[in-house]
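Numbering of the sequence shown is given in the numbering used here, commencing with residue 56 and proceeding in unit increments.
All residues carry an ideal CB built from backbone N, CA and C; glycine is no exception.
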Amino acid sequence: MVLVKGNLLNVSTEEIYGAEINIQNGIITCVKPVNHEFKGLILPGFIDAHIHIESSMLTPSRFAEAVVPHGTTSIVADPHEIANVLGLDGINYMVKDASTVPLKVFLTAPSCVPATIFETSGAKISTEEIRSLLKEDNVVALGEMMNFPGVICDDPEVMAKIDTAIKIGKPIDGHAPLLSGSELCKYIKSGISTDHECSKANEAIEKRRLGMKLMLREGSSAKNLKDLALIGGDFIVSDDKHPEDLLKGHVDEMLKNAIEYGIEPIQAIKMVTKNPADHYNLNTGDIIPGKAADMILIDSMDDLNVEEVIINGKLTAKNGKPLFDVRPCNIPNTFKINFKKPSDFDVSVEGSIKTVRVIEVFDDQLITNETSSFLDVTDGKLNTNLNGDILKIAVVERYGHGRVSNAFVKGFGLKDGAIASSVSHDSHNIIAVGTNSNDITKAVNTILKNKGGLVAVSKDKIYALELPIAGLMSTKSATDVSNDLKILHLAVENMGSKLRSPFMLLSFMGLLVIPKLKISDMGLFDVEKFNFVDLIKD
């Protein structure tokens with residue numbers, strides 16, 4: 056029997072009172088009010104209701120090492136990043152590695168592997184495999200349905216996956232950026248209940264009015280919490296977080312931001328405790344009899360600093376330090392690709408000047424724009440325009456087909472060199488941006504040598520962060536990965552970029568389900584038209 060005493064925030068009644076909490080075998084057996092004044096405040100453990108662990112570039116065990124001291128006791132993770140690389144084997148890796156640490160990692164069954172038919176991934180997850188996954192206790196929902204055109208057009212495979220989740224009785228997560236009107240109504244009518252892609256006030260209002268539960272997102276690249284806080288929502292989520300941000304905080308930091316942006320404190324706390332637990336039917340999120348003994352001690356409602364973390368009745372972190380060991384699991388190399396040469400990244404054309412479509416990016420936003428530019432031609436090859444910030448962008452298919460797709464991008468601001476990444480949502484082919492083909496080649500080949508990672512090449516110097524776990528994750532600690540990433544970010548800044556998270560932004564340039572213009576290994580893609588478009592506009 057474990058006994059915990061303190062001032063308790065009851066998230067059901069929204070009261071604060073002294074309490075004595077009895078715990079047996081990791082479960083709360085009784086909560087008794089006591090007439091005593093304690094220091095600090097006991098809250099349910101924090102829940103991040105939508106995150107991709109892989110985007111932290113940490114294995115699940117290393118991720119736990121970083122976030123549990125900040126009060127995160129549970130997460131709902133969509134493993135579609137590693138599933139796009141390795142399928143069910145990748146999901147099994149996440150389960151195996153997560154099982155070695157106290158953090159409760161609940162999964163959603165990836166609904167879109169591959170995300171679309173317009174890119175090459177390393178695996179495909181069928182409806183039958185979805186059905187098998189959803190029957191697992193730790194799989195709590197069908198993962199975000201990014202293929203919203205498939206829902207609107209009644210794609211048989213898409214609808215079969217949705218119907219499977221409905222029959223098994225598990226919720227369906229959504230992903231519907233800028234979807235509106237009758238199309239949004241049809242998307243919701245299919246059974247999809249959440250959305251985390253709202254970026255504008257009118258979009259959030261419309262979705263709330265139609266009954267969707269909104270996830271207000273505060274990630275490393277996409278930050279929508281401030282703009283949407285006063286409109287309201289049901290959950291506060293991170294979606295994607297880089298390691299240097301996790302070292303500053305996780306749900307606790309998002310919670311502080313939410314309160315600063317105007318959300319009432321207890322309501323904000325419910326958005327990361329009771330609300331997600333109720334929605335996903337998790338046996339946590341509230342301090343009442345029968346729930347798992349997952350709770351945290353904070354100093355005050357004003358500061359929200361986490362002092363102790365208890366998971367299943369056991370003290371797992373104290374004063375910002377984890378009280379458990381971490382030994383990440385390894386996997387073999389996942390790249391099936393030969394080294395590249397500069398000619399692979401040249402765009403050959405006839406004539407002297409061409410008008411080309413250009414992907415335009417914006418800092419802290421996943422949505423891109425389509426613009427155009429006049430580009431000179433030398434020796435039959437299109438040139439970049441560094442004065443106009445028109446750079447090369449390329450996707451290198453990594454699963455054995457040998458494809459390379461080339462286009463142009465505006466907004467990265469590089470004045471020399473190139474950057475590349477094997478983190479490229481959602482198929483995770485290698486993606487690169489650069490001022491010239493030679494440096495792009497060096498960056499891509501360094502990734503192959505390292506079995507995955509992030510690379511910057513500048514003035515014959517190479518900076519790299521190795522990600523040998525499926526080309527997505529490192530077995531190093533968050534501190535070590537963050538230090539490597541800081542060196543990379545400094546190098547990219549010295550190369551001329553003003554972007555806050557250049558590699559995070561780069562990783563979304565191949566995501567064909569967020570408007571407007573993106574690129575896959577098969578070509579330049581218009582998300583709104585949902586088909587390929589020509590690079591040359593002439």
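Item	Value
Coil, strand or helix - Q17 by DSSP	The first residue shown for the chain is 56 and the last is 593, placing residue 17 beyond what the model contains.
Under 8 Å between C-beta atoms of F563 and S276	yes
Stretch pair the segment 488 to 508 + the segment 177 to 189: three plus CB contacts closer than 8 Å	no
S166 versus H251: straight-line alpha-carbon distance, rounded	16 Å
R412 (DSSP reduced to helix, strand or coil)	strand
Of the listed residues A231, M528 and G236, nearest to C253 (C-alpha basis)	A231
Cβ-Cβ distance between I71 and L58 below 8 Å	no
Residue ranges of each beta strand (DSSP E) within the segment 337 to 409, 3 or longer	350 to 353, 361 to 366 and 369 to 373
Whole-angstrom distance between D431 and G145, CA atom to CA atom	44 Å
Within 8 Å, strictly: CB atoms of I130 and M149	no
Contact check, D593 vs T410, beta carbons under 8 Å	yes
Beta carbon of T127 nearer than 8 Å to that of L98	no
Under 8 Å between C-beta atoms of A196 and P226	yes
C-alpha distance - S355 paired with I76, whole-angstrom precision	19 Å
Touch test, the segment 523 to 538 against the segment 110 to 125, Cβ-Cβ under 8 Å, three pairs minimum	yes
Short Cβ contact (8 Å threshold) for L162 with V194	yes
Start-to-end residues for the alpha helix (DSSP H) that takes in T534	A533 to N549
Length at least 4, wholly inside the segment 56 to 132: the alpha helix (DSSP H) runs in chain order	115 to 122
M270: first and last residue of the uninterrupted beta strand (DSSP E) it sits in	K268 to R272
Span separating the alpha-carbon of P211 from that of V451	30 Å
Top-ranked residue by Cα proximity to N385, from R555, G406, K506 and D434	K506
Residue of P320, L302 and K303 minimising C-alpha distance to L310	P320
Burial state of L579, where buried means 16 or more other Cβ atoms lie within 10 Å	buried
Sequence-distant residues of its chain with Cβ nearer than 6 Å to K373 (five each side left out)	E363
Nearest residue (CA-CA) to E610, options V206, K60, Q79 and F101	In this structure the chain extends from 56 to 593, so residue 610 is not present and cannot be described.
Nearest candidate by alpha-carbon position, reference F463, set H297, T426 and G345	T426
Residue from L285, V327, K553 and E521 with nearest C-alpha to H305	V327
Distance CB(I102)-CB(P298) smaller than 8 Å	no
Local Cβ density within 10 Å of N65, reported as buried at 16 or more and exposed below that	buried
When L378, N312, I392 and M350 are compared against D357, the one with the closest alpha-carbon	N312
C-alpha distance - G466 paired with K584, whole-angstrom precision	23 Å
Three-way DSSP call (helix, strand, coil) for G198 in this model	strand
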